[in-house]
Amino acid sequence: MSFGSSDQPLATSFFGSRTSSGPLTTSVSGGFSSAREIATTEGSLAATRDIDGAMSIQLLQPRNRKQRLVLLLLQEKLLLLPEKRASCRSQFITAVVPILLTAAADASSWCSSDRQKIRRCIEWRSFVFTSSMDGGEFRNYFRVTRTAFATLLIKLGPAIEKKTTYFGKPLSVEVRLAVFLYFAGHGCSLNMLRSQLGIGKSTASGILREVSKGIVGLMKSYISFPTQRVELLKLSMEFEDGYGIPGCVGALDGCQIPIVQLSAPKSEKFYNRKGFDSLNMSAVVDRSRRFLDVDVRWPGSVGDNRVFSNSAVGRLHG
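Numbered by UniProt numbering, the letters in the sequence shown go through residues 1 to 318 in order.
So, in structure tokens, the structure goes:
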């Protein structure tokens, strides 16, 4: 039951008295927008405001106990309203203010961290892609020469390039390739990429996945074991001229590549004879140490004979 606008303070004092004519009068001090009459089943309540702004509520011609009870209940409700408002205000301050302070602190921390990441990323790019870095430093960073880096950009650019969207401008192709080569050359973690290069873990993870897919897509164009007799004879002559080994077309070896953390539940099939989880890789190179075949499909528990039999060289030999 409301007698005033919600934005005005309710009564600060309340008292009741009986006039000489009989009706019980209840006065409420405070600002009310208008006076109203509240109809009841047995009579009516009249609300009036005097010159000072005080509101008087009268039960006109109270005929029975029920009418007087209605007024007493109304009086009790109005008396409790200021206390309820104060209690609600206190609860709001207690509950909401700490949340707002925490949110403000988090926002400040995030902005500071974000600015640091942006600064690190800009500094790293300017350091890497300027002529001030000599060839030796560049090779130590990425394990390739500047010429090889430029060649990789030409080959992989269309596969790893990202278009500008409403969310902002993506990292350039140069930066994406540099992130992948730094990760592959140093074997670092995503956390290290985040701290060293100033990019997020999710961004770094996406870059590694996309560049890897781009490289695998080009694999058959650059790594393929020759099947033509003329090509095999050429390889054999190169080995004989260089190392004095006749009839050899390639050097074959295997390697157990350790798995730091399995993405699937631990399985015995990855546990190799050397006592750790791995992938069993086999590879063939020519006289100039260029890869002719690479196979990294097999878990560590698979023997070298089976890996060789299912490789391109093994199928050719069989």
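Even glycine gets a Cβ: it sits at the ideal position worked out from N, Cα and C. Small disclaimer: the values here were computed from a predicted structure and weren't measured.
Cβ pair residue i, residue j closer than 8 Å
i, j, result
"Ala148", "Phe225", "no"
"Ile160", "Leu181", "no"
"Asp304", "Gly254", "yes"
"Val179", "Leu190", "no"
"Ile223", "Asp293", "yes"
"Phe142", "Gly185", "yes"
"Pro299", "Phe270", "yes"
"Ser278", "Ile259", "yes"
"Lys274", "Gln256", "yes"
"Glu174", "Leu153", "yes"
"Ser267", "Phe308", "no"
"Phe183", "Leu208", "yes"
"Phe239", "Val230", "no"
"Pro158", "Thr164", "no"
"Gly247", "Ser236", "yes"
"Leu232", "Val284", "no"
"Thr203", "Leu316", "no"
Local conformation of residue i per DSSP, three classes
i, result
"Thr26", "Confidence is the limiting factor: at Thr26 the pLDDT is only 43, short of 50, which leaves the residue's position unreliable and the question unanswerable from this model."
"Gln196", "helix"
"Ser112", "Since pLDDT at Ser112 reaches only 49, below the 50 mark, its modelled position is unreliable, and no value is offered."
"Tyr141", "helix"
"Arg290", "coil"
"Val302", "coil"
"Ile215", "helix"
"Asn191", "helix"
"Leu316", "helix"
"Ile207", "helix"
"Gly244", "coil"
"Val225", "The sequence given here has Phe at residue 225, not Val. Three-state DSSP puts Phe225 in coil, outside helix and strand."
"Ser236", "helix"
"Ser311", "coil"
"Ser2", "Low per-residue confidence applies at Ser2: pLDDT is 41, beneath 50, and the placement is therefore not dependable enough to give any value."
"Val173", "helix"
Contact with chain D by residue i, beta-carbon distance below 8 Å
i, result
"Leu153", "Looking at the structure shown, chain D is missing, and only one protein chain is on hand."
Residue i: first and last residue of the uninterrupted alpha helix (DSSP H) it sits in
i, result
"Ser278", "Ser278 -> not in any alpha helix (DSSP H); beta strand (DSSP E) instead, spanning Ser278 to Val285."
"Pro158", "Arg146 to Ile160"
"Glu268", "Segment: none, Glu268 is in no alpha helix (DSSP H) and carries neither H nor E."
Beta-bridge pairing of residue i - partner residues as DSSP gives them
i, result
"Asp134", "The partner list for Asp134 (beta bridge, DSSP) is empty, contrary to what the question assumes."
"Gly275", "Beta-bridge pairing links Gly275 to no other residue."
"Gly168", "Thr165"
"Asp295", "Ser282"
For residue i, the first and last residue of its enclosing beta strand (DSSP E)
i, result
"residue 335", "Residue 335 falls outside the range modelled here, since the chain spans only 1 to 318, and no answer is possible."
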